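Undergrad: Using the numbering used here, read the sequence shown as starting at 143 and increasing by one per residue. Ideal Cβ placement from N, Cα and C applies to all residues, glycine included. Since the model is a prediction, treat every value here as computed from it, not as a measurement.
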Amino acid sequence: MRLSKIHLNTLREVPGEAEIPSHIWLLRAGMIRKTVSGVYSFMTLGWRTVRKIEQIVREEMDASGAQEISTSPVQPAELWHESGRWGVYGPELWRLKDRHGREFALGPTAEEVFTDIVRSEIDSYRQLPRNIYQIQLKYRDEARPRYGLMRSREFIMKDAYSFDRDRAGLDESYLTMRAAYTKIFERCGLDFRPVAADSGPIGGKDSEEFIAFGEYGESDVLYCGACEYAATSEQAEVPDAPASDEAERPIEAVLTPGTKTIDAVAEFLGLPREQTLKALLFQIYDEAEDGTYIIREYVAAFVRGDRELNMTKLRNALGGIAEHLIEFADEAAMGAVTGSVGGFTGPVGLHDCRIVTDSEIPGLRNLCAGALREDTHYINVNYGRDWTAELVTDLKLSKAGDACPECGAPLNIARGIEVGQIFKLGTKYSEALEAVYTDENQQEQLIVMGCYGIGVTRTMAAIVEQHHDDDGIIWPLAVAPFHVIICAVKYAADEDVRRVSDDIYEKLRAAGVEVLLDDRDERPGVKFKDADVTGIPLRITVGKRAAEGVVEYKLRSAAEREDLTTDDAVARVVAAVATVSLRA
Ligand code: ATP
Ligand code: MG
Numbered sequence: 143m144r145l146s147k148i149h150l151n152t153l154r155e156v157p158g159e160a161e162i163p164s165h166i167w168l169l170r171a172g173m174i175r176k177t178v179s180g181v182y183s184f185m186t187l188g189w190r191t192v193r194k195i196e197q198i199v200r201e202e203m204d205a206s207g208a209q210e211i212s213t214s215p216v217q218p219a220e221l222w223h224e225s226g227r228w229g230v231y232g233p234e235l236w237r238l239k240d241r242h243g244r245e246f247a248l249g250p251t252a253e254e255v256f257t258d259i260v261r262s263e264i265d266s267y268r269q270l271p272r273n274i275y276q277i278q279l280k281y282r283d284e285a286r287p288r289y290g291l292m293r294s295r296e297f298i299m300k301d302a303y304s305f306d307r308d309r310a311g312l313d314e315s316y317l318t319m320r321a322a323y324t325k326i327f328e329r330c331g332l333d334f335r336p337v338a339a340d341s342g343p344i345g346g347k348d349s350e351e352f353i354a355f356g357e358y359g360e361s362d363v364l365y366c367g368a369c370e371y372a373a374t375s376e377q378a379e380v381p382d383a384p385a386s387d388e389a390e391r392p393i394e395a396v397l398t399p400g401t402k403t404i405d406a407v408a409e410f411l412g413l414p415r416e417q418t419l420k421a422l423l424f425q426i427y428d429e430a431e432d433g434t435y436i437i438r439e440y441v442a443a444f445v446r447g448d449r450e451l452n453m454t455k456l457r458n459a460l461g462g463i464a465e466h467l468i469e470f471a472d473e474a475a476m477g478a479v480t481g482s483v484g485g486f487t488g489p490v491g492l493h494d495c496r497i498v499t500d501s502e503i504p505g506l507r508n509l510c511a512g513a514l515r516e517d518t519h520y521i522n523v524n525y526g527r528d529w530t531a532e533l534v535t536d537l538k539l540s541k542a543g544d545a546c547p548e549c550g551a552p553l554n555i556a557r558g559i560e561v562g563q564i565f566k567l568g569t570k571y572s573e574a575l576e577a578v579y580t581d582e583n584q585q586e587q588l589i590v591m592g593c594y595g596i597g598v599t600r601t602m603a604a605i606v607e608q609h610h611d612d613d614g615i616i617w618p619l620a621v622a623p624f625h626v627i628i629c630a631v632k633y634a635a636d637e638d639v640r641r642v643s644d645d646i647y648e649k650l651r652a653a654g655v656e657v658l659l660d661d662r663d664e665r666p667g668v669k670f671k672d673a674d675v676t677g678i679p680l681r682i683t684v685g686k687r688a689a690e691g692v693v694e695y696k697l698r699s700a701a702e703r704e705d706l707t708t709d710d711a712v713a714r715v716v717a718a719v720a721t722v723s724l725r726a
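(1) Figure out for me which residue from Asp-340, Phe-334 and Ser-643 has the closest Cα to the Cα of Ala-634.
(2) Do Lys-632 and Val-626 have their beta-carbon atoms positioned less than 7 angstroms apart in this structure?
(3) Using a threshold of 6 angstroms, is the CB atom of Gln-197 nearer than that to any non-hydrogen atom of the ligand SAM?
(4) Can you have a look at Lys-147 and say buried or exposed, based on whether 16 or more other CB atoms are within 10 angstroms of its CB?
(5) How many Å lie between Asn-524 and Ser-386 at the Cα?
(6) Considering only DSSP beta bridges, list what Tyr-520 is partnered with.
(7) Helix, strand or coil for Tyr-231? Go by DSSP, reduced to three states.
(8) Please determine if the region 491 to 502 and the region 532 to 540 are in contact, where contact requires at least 3 C-beta pairs separated by less than 8 angstroms.
(9) Following a CB-centred definition, is Arg-600 positioned closer than 6 angstroms to any heavy atom of the ligand ATP?
(10) Under DSSP, the alpha helix (DSSP H) around Ala-757 begins and ends at which residues?
(11) How big is the Cα-Cα spacing for Tyr-435 and Pro-233?
(12) For Ala-87, which of Ala-160, Asp-612 and Val-722 has the nearest alpha-carbon?
(13) On the CB-based measure, 16 or more other CB atoms within 10 Å of its CB, does Leu-270 come out buried or exposed?
(14) Assuming Ser-225 contacts Glu-201 (C-beta within less than 8 angstroms), just tell me the rounded distance between them.
(15) Is Phe-297 a contact residue of the ligand ATP, with contact defined as CB to any heavy atom under 6 angstroms?
(16) Would Pro-623 and Leu-187 qualify as a contact pair, given that the criterion is a beta-carbon distance under 7 angstroms?
(17) In whole angstroms, what is the alpha-carbon distance linking Cys-629 and Lys-325?
(18) Residues in its own chain within less than 6 angstroms of Arg-415 by CB, not counting five upstream and five downstream?
(19) Whole angstroms are fine: how far does the CA of Ala-574 sit from the CA of His-242?
(20) Taking 6 angstroms as the cut-off, is the C-beta of Glu-560 nearer than that to any heavy atom in the ligand ATP?
(21) Could you tell me if the beta carbon of Ser-266 falls within a distance shorter than 6 angstroms of some heavy atom in the ligand ATP?
(22) Using a Cβ-Cβ cutoff of less than 8 angstroms, which residues in the same chain neighbour Glu-210 once the five nearest sequence positions on both sides are dropped?
(23) Pick helix, strand or coil for Ala-630, following the three-state DSSP scheme.
(24) Answer yes if the region 666 to 676 comes into contact with the region 146 to 166, meaning at least three C-beta pairs across the two stretches below 8 angstroms, and no otherwise.
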């Protein structure tokens, strides 16, 4: 394409709302434009890259045996009632009504819709297994849309659903998807890793997230240098501290004026933080029919003083409380019901609330905990003798240095971007929506499901996070909007430049190369800046030596330039592009 015919509006200034490299550079390269918070338009170059990523996803999905279909993002509320998710998905579900008052959602994901299709289309074991997918706009009314394409309210997702006769079939489908995802993210040029993950509101047990490493990611990954273990911080198991063999000492109330934090009380009493009990107080809501929230109960969660509480583990332990239905308790209101006292809450004597504790606590001895009185703590508090909890389970948030649950070596931590997730759903949705098939013995069986998502537009942002420099984006060839740009210096004024540029342009087009010819009447500096910011991976500059048939060849990722004959330059580009096509 000729750049003079393409709408390209690059920006010199960093737009005020953009904080991270992918957001800044996609805006500055004129690839995306904001419509409204969390909703973006894709301009010519940006859309070409989206379609490249989609195509990689499509090719690998098709190669894995999956079939592409297309469903509407408009989903009837009835399906969500059937699965039980209408009431629990919360304000992230973008709801709308038609003129008759009938309720719908704009799909944030499509388990219900796909299960509904399959229950009416499939009835025999002969039709299984199946894996169907779509590449579609998804909607989530995120509490904090930010970072451009990274966390938006409208985004493109590839979502696939597998339907199997049994668990063994699901295990196979899951591994097939895992392998396809690995190829997809490799082809996108990402540095990534699959890690064990929590399954969140989608449900099911086994799950992995594909995390692209990047400092602006919103996921923390704990990984072991000594073995293969890797998990999100939400998911990582934290081994309990060894049980103490100390003798139990008598419980005793001590004055601890003004010591509202673990650090303060530990310092005041001269105790290690490991010898204290940390209390975290929550209120849990029910959502009423009219959409209002009512406090259902209070929860007090206890972990060792030096630990952090893992909210995901807590929500799961409480039976899968949705994120929007739990928050820190109002201290005064909770105190009136349960006896808790802000900064001085402990488990002894606490009443009318659910008490949950981390699994290592029962093994520890003689801890210090709040005494439910201002400026007072108990010392020598012992589980079993002085208090018990309704639930005892791992609630610890893992951190760098914690022991690997598999081999015991200290774990490392890295930040990353969740670009995809795969889940074994089992029969959660087939049970709820009655998706069954008839087996060889004419018996009805539940279909066993898996689901597999890739954030296409988030992947685009993740690629930029990993591939940019101070001048702009450096697209990997496989996802670049164009493979090569010809910077024709004085195209309009210099006949040799025009002839040579046109010649290279036509030869590259004939060879199937995606080539952009900068034939605009712009200064060379402007052309080079635009070529850099938009990240076209290969550049041919046609300038002073055009008359001799010599041009300059440069990679966007390297500083070196090379003078080549036009034919050599064409051959180089064709060879470089061939490496991408070969990987497909
Ligand atoms: P997150 O934890 O980041 O909110 P999620 O786990 O809720 O994401 P999934 O339900 O697993 O997301 O969706 C599949 C994929 O869709 C994610 O792996 C991610 O790449 C992408 N995705 C999810 N939410 C967004 C969003 N708000 N903006 C862009 N992409 C998203
Ligand atoms: Mg996810």
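TA: Straight from the coordinates:
(1) Ser-643
(2) no
(3) You won't find the ligand SAM in this model; what it holds is the ligand ATP and the ligand MG.
(4) exposed
(5) 11 angstroms
(6) Ala-395 and Ala-511
(7) coil
(8) yes
(9) yes
(10) Residue 757 lies beyond the range of the chain shown here (143 to 726); nothing can be said about it.
(11) 12 angstroms
(12) No answer is possible for residue 87: it lies beyond the span of the chain, which begins at 143 and ends at 726.
(13) buried
(14) Not really, about 31 angstroms apart at Cβ, beyond 8 angstroms.
(15) yes
(16) yes
(17) 33 angstroms
(18) Ile-404, Ala-408, Gly-447 and Asp-448
(19) 27 angstroms
(20) yes
(21) no
(22) Arg-200, Met-203, Asp-204, Ile-274, Tyr-275, Gln-276 and Ile-277
(23) strand
(24) yes
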